[in-house]
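Encoded as structure tokens, the structure appears first; notes follow it.
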Amino acid sequence: MGNYQRINPKKPEGIETKKAYLVGSGIGALSAAFYLIRDGHMDGKNITILERKNINGGALDGAGNAEEGYVIRGGREMEAHYECTWDMFGDIPSLKRPGRTILDEFHEINVWDPNESVCRLLHNRGERADSSTLGLEEKHIKQLTKLSLATEEALGNITVKQFFDPSFFETNMWLFWRSMFAFETWHSVVEMKRYMQRFIHLLPGMNKLKGILFSEYNQYDSFVLPLLSWLKERGVKFENETLVTDLDMDITDSEKVVTGIHIIKNGKEEIIKTTRNDLVFVTNGSMTENSTIGSMNKAPELNREPGPVWNLWKNIAKKDKAFGNPEVFCGNIDKTKWESFTMTFKDSKMEDVLKKLTGNDPRSGRGITGSVVTFKDSNWGMSFTGSRQPHFANQPDNVIVLWAYGLFPDNEGDFIKKKMSECTGEELLREVLYHLNVEGELMEEIVDSAIVIPVMMPYITSQFMPRVKGDRPDVVPEGSVNLAFLGQFAEIKDDCVFTVEYSVRSAIMGVYKLLNLEKEVPEIYPSQYDVRALTAATKTLYSGKPLPGEPIIKKLIKDTTLEGLI
0 MGNYQRINPK KPEGIETKKA YLVGSGIGAL SAAFYLIRDG HMDGKNITIL
50 ERKNINGGAL DGAGNAEEGY VIRGGREMEA HYECTWDMFG DIPSLKRPGR
100 TILDEFHEIN VWDPNESVCR LLHNRGERAD SSTLGLEEKH IKQLTKLSLA
150 TEEALGNITV KQFFDPSFFE TNMWLFWRSM FAFETWHSVV EMKRYMQRFI
200 HLLPGMNKLK GILFSEYNQY DSFVLPLLSW LKERGVKFEN ETLVTDLDMD
250 ITDSEKVVTG IHIIKNGKEE IIKTTRNDLV FVTNGSMTEN STIGSMNKAP
300 ELNREPGPVW NLWKNIAKKD KAFGNPEVFC GNIDKTKWES FTMTFKDSKM
350 EDVLKKLTGN DPRSGRGITG SVVTFKDSNW GMSFTGSRQP HFANQPDNVI
400 VLWAYGLFPD NEGDFIKKKM SECTGEELLR EVLYHLNVEG ELMEEIVDSA
450 IVIPVMMPYI TSQFMPRVKG DRPDVVPEGS VNLAFLGQFA EIKDDCVFTV
500 EYSVRSAIMG VYKLLNLEKE VPEIYPSQYD VRALTAATKT LYSGKPLPGE
550 PIIKKLIKDT TLEGLI
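This is the structure:
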């Protein structure tokens, strides 16, 4: 699309009389509001965002202070070819650098401090494990090739475990993959296929996480606050502490029209009446729904209650099969949950431990670890990361913040002989320090300098659950006159869930379709059709082994390319 994406579409007829209601205030909804204004020429005063919490931003969170501890539920790995995300943030001004955009400052800091892992894998309590190759055998490469050639229809709802030989899960590639994307063996192999094709250009740097980009601060400070500021300046209304419970709809054989939005505000049930001229955008489902927070002395409790966001989608789905099947994603918490924790250290010797491990000065402003460091022999499947410091805009110079997570919260620890889910923040920190070979007096000093806040997330990988066509509704379902779905549980052909890009793309698709704008959605970067990317990926898959004959490589490239075109 190139610069052609910068065209300004014509003002839609009757846009002055339209109103837009957006359910949820995650990045999908905030992006939809942006595109309604920039490309749809809608007055911001006619846009209302309905959010049940008292803070906006959805999963892109980040809060706290040095005295009480900081907390983030997760971080986002990004890359240069987030075409939709960068299209939007190329127009959002920086809050701290006059005359610069968020995209400008994001680019500049990643040029100054390019990401590269310095200790991707650790084992034997702090020793660096070999991460130079993916560790694949010929049979694994054949299976990966087979996966890239298979259609989603043929794969259906089979799992990663059902597709691969058991020995694949002992390779470095699976360890990299699992810890980088939070994939489990029981997740959808179709989603793994999409990741392989969507990010094949990043495969050569996978062992060191080259090509992965990070914001200056956490994503709330770096992305959400500037976007909120832009929207509020244009009059967008934010109705917080407002719970949406259902939609009224007129559904015929040819049309689906939202006629009312059921809300609960200040304890009172109300209905916002809408017409076919109005627009309704719903974030269906949530990865961070029912998250619970623990403390230094308390483990977070697992909330198994049905979440309000999921209940809303269930109520909508009852009205028509085109609205998807939420139970596929929210019906098995034990396969969608894991736990993260944020560690705040003040005047701490943890800085010396990190400097010795990585060779990087935690106070240099550059990334400490170069993304996640995975403890290869952790029974919790634990990884941690040290981002650029400060990680929060209000973080003092003598404070560092680290983030960690474990994919197997029901397993017993290697040092703390309890399930991860039963551990306090202090116990989680001690397990990390054990794997870093920190013990005795030094461990006690570091624990005394720390505040650790754990978070249990029941649905954090629900978007990866095995599914088939129709389980996720289209962004604009067939026949929908004024309803679009946003976020990780709407269907976008070929793109990857668990990314900011997916949510922003859903927003563009919904706005452009409902307003019938004369502008194309930015295309998904087609790296699976790039011979250079395919050749580099093939060499990486065979790293440490003799390459197959040239005819085999040519056939692989030809077949993979043609498969996507047929």
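Heads up: the sequence shown runs through residues 0 to 565, numbered per numbering that gives the first Met the number 0.
Think of the CB as a built atom: it goes at the ideal place given N, C-alpha and C, for glycine as much as any other residue.
Every value quoted in this text rests on a predicted model; they were computed, and no experiment measured them.
One or two residues paired with residue i in a DSSP bridge
i, result
"Thr258", "Partner(s): none; Thr258 has no beta bridge."
"Trp337", "Met456"
"His122", "Glu126"
"Asn64", "Gly68"
"Phe182", "Beta-bridge pairing links Phe182 to no other residue."
"Phe280", "Leu21 and Ala483"
"Met77", "Leu212"
"Asp473", "Glu490"
"Pro92", "Thr100"
"Met342", "Leu401 and Val451"
"Ile263", "Leu242 and Glu268"
Delimiting residues of the alpha helix (DSSP H) encompassing residue i
i, result
"Ile101", "Ile101 to Trp111"
"Met349", "Met349 to Thr357"
"Met34", "Residue 34 is actually Tyr in this sequence, not Met. Unbroken alpha helix (DSSP H) run through Tyr34: Ile26 to Arg37."
"Thr534", "Val530 to Leu540"
"Trp402", "Not the alpha helix (DSSP H): Trp402 falls in the beta strand (DSSP E), residues Val398 to Gly405."
"Met195", "Val188 to Arg197"
"Ile6", "Careful: Ile6 lies outside any alpha helix (DSSP H) and carries neither H nor E."
"Ile140", "Glu137 to Leu148"
"Ser505", "Val499 to Leu513"
"Met442", "Gly439 to Asp447"
"Glu152", "Glu151 to Leu154"
"Gly204", "Gly204 -> no alpha helix (DSSP H), and no H or E assigned at all."
"Asn314", "Pro307 to Ala316"
Cβ separation of residue i and residue j, assumed to be a contact under 8 Å, to the nearest whole Å
i, j, result
"Asp473", "Glu500", "Actually they are not in contact, since the Cβ atoms of Asp473 and Glu500 sit about 18 Å apart, beyond 8 Å."
"Ala31", "Val327", "Between Val327 and Ala31 the Cβ distance is about 24 Å, and since that is not below 8 Å, they are no contact."
"Pro465", "Ser187", "4 Å"
"Leu54", "Ala28", "According to the sequence provided, residue 54 is Ile. The question's Leu does not apply to it. Between Ala28 and Ile54 the Cβ distance is about 14 Å, and since that is not below 8 Å, they are no contact."
"Lys272", "Gly259", "5 Å"
"Ala19", "Phe280", "7 Å"
"Val503", "Asn156", "The Cβ separation is near 27 Å, so there is no contact."
"Tyr219", "Gly56", "5 Å"
"Gln388", "Ile367", "7 Å"
"Trp337", "Leu406", "5 Å"
"Thr287", "Met456", "6 Å"
Start and end residues, beta strand (DSSP E) containing residue i
i, result
"Val372", "Val372 to Phe374"
"Thr582", "Within the shown structure, residues of the chain are numbered from 0 to 565, placing residue 582 beyond reach of any answer."
"Glu268", "Lys267 to Lys272"
"Val243", "Thr241 to Ile250"
"Lys236", "Lys236 to Glu238"
"Ile415", "It is not in any beta strand (DSSP E) - Ile415 carries neither H nor E in the DSSP assignment."
"Leu49", "Ile46 to Leu49"
"Phe383", "Met381 to Thr384"
Neighbour-count burial assignment, residue i, 16 or more Cβ in a 10 Å radius
i, result
"Val530", "exposed"
"Val110", "exposed"
"Asn171", "buried"
"Thr569", "This structure does not reach residue 569, given that the chain is present from 0 up to 565, and the question cannot be answered."
"Glu15", "exposed"
"Asn283", "buried"
"Asp396", "exposed"
"Gly330", "exposed"
"Lys255", "buried"
"Arg5", "exposed"
"Ser166", "exposed"
"Asp360", "exposed"
"Lys317", "exposed"
"Pro305", "exposed"
"Arg96", "exposed"
"Gly369", "buried"
"Ile270", "exposed"
"Asn265", "exposed"
"Glu215", "buried"
"Asn206", "buried"
Residue i Cβ short of 7 Å to the ligand SAM heavy atom set
i, result
"Arg471", "Absent from the structure shown: the ligand SAM. Ligands present: none."
Determine contact between the segment 43-57 and the segment 228-237, defined as no fewer than three beta-carbon pairs at a distance below 8 Å. yes
Between the segment 146-157 and the segment 180-200, do three or more beta carbon pairs fall short of 8 Å? yes
Count the C-beta pairs between the segment 424-443 and the segment 372-391 that are closer than 8 Å, then say yes if the count reaches three, no if not. yes
Pairs of beta-carbons, one from the segment 315-329 and one from the segment 291-304, closer than 8 Å: are there three or more? no
Inter-stretch contact at 8 Å, needing at least 3 Cβ pairs: the segment 71-80 / the segment 345-360: no
Validate contact between the segment 409-427 and the segment 81-93 using beta carbons, cut 8 Å, 3 pairs: no
Using 8 Å as the cut-off, can you tell me whether the segment 131-142 makes contact with the segment 166-180, which would need three or more C-beta pairs spanning the two stretches below that distance? yes
Tell me whether the segment 244-263 and the segment 474-494 touch, counting them as touching only if at least three CB pairs, one residue from each stretch, are closer than 8 Å. yes
Indicate whether the contact test is met: 3 or more Cβ pairs, each with one atom in the segment 447-463 and one in the segment 415-425, closer than 8 Å. yes
Is the number of C-beta pairs between the segment 521-528 and the segment 110-130 that are closer than 8 Å three or more? no
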